[in-house]
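**Q** Here you go, one structure.
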Amino acid sequence: MSFVDVPVTSPFTFENLPFGVFSTNENSKKRIGVAIGAQVLDLSVVKHLFTGPLLSERQNVFSQETLNQFMGLSRQCWLEARLTLQSLLSNDNPMLRDDSELRERAFVAQSEATMHLPALIGDYTDFYSSIYHATNVGTMFRGKDNALMENWKWLPVAYHGRASSIVVSGTAVNRPWGQVKAEDDTQPNFVPSRLMDFELEMAFFVGGPGNALGTPIPIEKTEEHIFGMVLMNDWSARDIQKWEYVPLGPFPRQKFCHHHFPVGRHNGSTPFNIDLTVEIKPAGSDHPVPICRTNFRHLYWTLKQQLAHHTSNGCNVRPGDLLGSGTLSGPTPDSFGCLLELSWKGTNAVKLGESGETRKFLKDGDEVIISGKCESPTGEIRIGFGECRGKLLPAIKRNFCATIEK
Numbered sequence: 001m002s003f004v005d006v007p008v009t010s011p012f013t014f015e016n017l018p019f020g021v022f023s024t025n026e027n028s029k030k031r032i033g034v035a036i037g038a039q040v041l042d043l044s045v046v047k048h049l050f051t052g053p054l055l056s057e058r059q060n061v062f063s064q065e066t067l068n069q070f071m072g073l074s075r076q077c078w079l080e081a082r083l084t085l086q087s088l089l090s091n092d093n094p095m096l097r098d099d100s101e102l103r104e105r106a107f108v109a110q111s112e113a114t115m116h117l118p119a120l121i122g123d124y125t126d127f128y129s130s131i132y133h134a135t136n137v138g139t140m141f142r143g144k145d146n147a148l149m150e151n152w153k154w155l156p157v158a159y160h161g162r163a164s165s166i167v168v169s170g171t172a173v174n175r176p177w178g179q180v181k182a183e184d185d186t187q188p189n190f191v192p193s194r195l196m197d198f199e200l201e202m203a204f205f206v207g208g209p210g211n212a213l214g215t216p217i218p219i220e221k222t223e224e225h226i227f228g229m230v231l232m233n234d235w236s237a238r239d240i241q242k243w244e245y246v247p248l249g250p251f252p253r254q255k256f257c258h259h260h261f262p263v264g265r266h267n268g269s270t271p272f273n274i275d276l277t278v279e280i281k282p283a284g285s286d287h288p289v290p291i292c293r294t295n296f297r298h299l300y301w302t303l304k305q306q307l308a309h310h311t312s313n314g315c316n317v318r319p320g321d322l323l324g325s326g327t328l329s330g331p332t333p334d335s336f337g338c339l340l341e342l343s344w345k346g347t348n349a350v351k352l353g354e355s356g357e358t359r360k361f362l363k364d365g366d367e368v369i370i371s372g373k374c375e376s377p378t379g380e381i382r383i384g385f386g387e388c389r390g391k392l393l394p395a396i397k398r399n400f401c402a403t404i405e406k
């Protein structure tokens, strides 16, 4: 165990040690850190203690402002870093435990840290890998007999998103504008979305040296290129999406991603037993209300299959690329991962606890909170992902000039 106090409710345990990038009011420089309990260990301060055979000559990766260089190292380097961190934070190691001056410089309270994106994200791909979600959406729009497209069980469907619109947890987003065409209208109107939704997702960062253009990553090698996982909220404007997605898929419907600390490494087979919860906190309320509980194990296509398929045509991926899972829905109505499913395309009102409030889609001021954790059967080992938070703000006002035909 660690000499650092880890509260019972903390997601950031000694077994977890997730990586992230942070700054403080006293030091605006972005630094790489590892979360444990309520603290962040500043790796730029303790980089000289990484003296293992692989990292002793690569200590400068912990002086960078993003994790890209560290992500670009081998899986063996990641594992050596984790073992070094667990040794440094152990009760049995006096190196950091008994050096009060070093501890004072190395530890920062999470409450004083400002989190940043952990990596410079070069490319972002969003998959559509939950069979329950795909079946539900297909049933709504095409009917039960044609719910899944012909290719769905043959390959993990995905599309490319904008890495520039990925933001860190806690960032508020404005209701987007876009073209919306009502059923009775003869032409679309450019208006703020009326049907804003969240999508419960997880995502993983690509790591390793990367593959050369034209060289696929075989599935048995994919674990060497999966650095770690994050929680993700893929904000979706359903009315804009409905009009624009034909025939090439959704384009400007506001792609947003929120995440906390990525998990540094994972071991074992996928999909993982990760319990996931979505809560909504309405404007003016002090208490978030859970509206969805599901599990990552319901994913049909695994992370390894997603990455292998992504590179099957020789597409090269790079350290820091982000791949999203798609909406993570389970088999029961209370495990559906978005309001489109929970309200069944707006036909059912979703109750927000005992408050009397209901939702079919999100209202301005609503805060969406996603959390996730893994636990051993006895509860002794806990791996948490923290919280992924984002508040929906009103649309930004726009002034338009009228065109007068003469």
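Sequential numbering from 1 applies to the sequence shown in the UniProt record's numbering.
Ideal Cβ positions, reconstructed from N, Cα and C, are used throughout, including at glycine.
Just so you know, these numbers come straight off a predicted model, no measurement behind them.
1. Does the segment 104-123 touch the segment 26-44, meaning 3 or more C-beta pairs lie closer than 8 Å?
2. Less than 7 Å between the CB of residue 171 and some heavy atom of the ligand MN, yes or no?
3. Nearest by alpha-carbon distance to residue 57: which of 359, 81 and 65 is it?
4. Entirely within the segment 307-347 and at least 3 residues each: give me those beta strand (DSSP E) ranges in chain order.
5. In the DSSP assignment, the alpha helix (DSSP H) including residue 136 goes from what residue to what residue?
6. Give the secondary structure of residue 179 by DSSP, where H, G and I count as helix, E and B as strand, and everything else as coil.
7. Could you say if the segment 234-245 and the segment 130-137 meet the contact criterion of at least three C-beta pairs nearer than 8 Å?
8. Measuring straight from C-alpha to C-alpha, what distance separates residue 175 and residue 296?
9. Please list the terminal residues of the continuous beta strand (DSSP E) segment that includes residue 274.
10. Could you give the first and the last residue of the continuous beta strand (DSSP E) run that contains residue 200?
11. For the beta strand (DSSP E) that contains residue 115, what are its first and last residues?
12. Flag this pair as touching only if the segment 208-225 and the segment 303-314 have three or more C-beta atom pairs under 8 Å; answer yes or no.
13. Less than 8 Å between C-beta atoms, sequence neighbours within five positions excluded: which residues of the same chain meet that for residue 355?
14. The beta strand (DSSP E) spanning residue 22 covers which residue range?
15. Roughly how many angstroms lie between the CA atoms of residue 242 and residue 361, to the nearest whole one?
16. Only counting the same chain, and skipping five residues up and downstream in sequence, which positions put a Cβ closer than 7 Å to that of residue 152?
17. Whole angstroms is fine: what's the gap from residue 179's alpha carbon to residue 161's?
18. Please state the DSSP three-state secondary structure of residue 73.
19. In whole angstroms, what separates the C-alpha of residue 70 from that of residue 382?
20. Sort out for me which residues DSSP pairs residue 8 with in a bridge.
21. Ends of the alpha helix (DSSP H) at residue 242?
22. So which of 189, 164 and 19 has the shortest CA-CA distance to residue 384?
23. Going by beta carbon distance, what residues of the same chain come within less than 6 Å of residue 105, once the five residues before and after it are set aside?
24. Determine the direct distance from the alpha carbon of residue 351 to that of residue 21, and round the result to whole angstroms.
25. Helix, strand or coil for residue 164? Go by DSSP, reduced to three states.
26. Please name the residue or residues paired with residue 232 in a DSSP beta bridge.
27. State the start and end residues of the unbroken alpha helix (DSSP H) segment that holds residue 106.
28. What span of residues does the alpha helix (DSSP H) with residue 43 cover, start to end?
29. Do you know offhand how far residue 149's Cα is from residue 142's?
30. So, with DSSP's three-state summary, where would you put residue 39?
31. Are residue 216 and residue 72 touching if we call contact CB-CB under 8 Å?
**A** On the basis of the data shown:
1. yes
2. Summarising the ligand content, the structure contains no ligands, and the ligand MN is consequently not present.
3. Considering only alpha carbons, the answer is 81.
4. 322-324
5. 131-142
6. The DSSP-derived three-state label of residue 179 is strand.
7. no
8. 28 Å
9. Counting along the chain, residue 274 falls outside any beta strand (DSSP E), and DSSP gives it neither H nor E.
10. 200-206
11. 113-116
12. Touching, yes.
13. 282, 285 and 289
14. 19-24
15. 15 Å
16. Closer than 7 Å at Cβ, skipping near neighbours: 134.
17. 19 Å
18. coil
19. Our two residues, residue 70 and residue 382, have alpha carbons roughly 25 Å apart in a direct line.
20. Paired residue(s): none; residue 8 is not in a bridge.
21. Its alpha helix (DSSP H) spans residues 238-244.
22. 19
23. 45
24. 37 Å
25. helix
26. Residue pairing by DSSP puts residue 232 in a beta bridge opposite 201.
27. 100-106
28. Per DSSP, the continuous alpha helix (DSSP H) segment holding residue 43 begins and ends at 43-46.
29. Answer to the nearest angstrom: the Cα atoms are 10 Å apart.
30. strand
31. no
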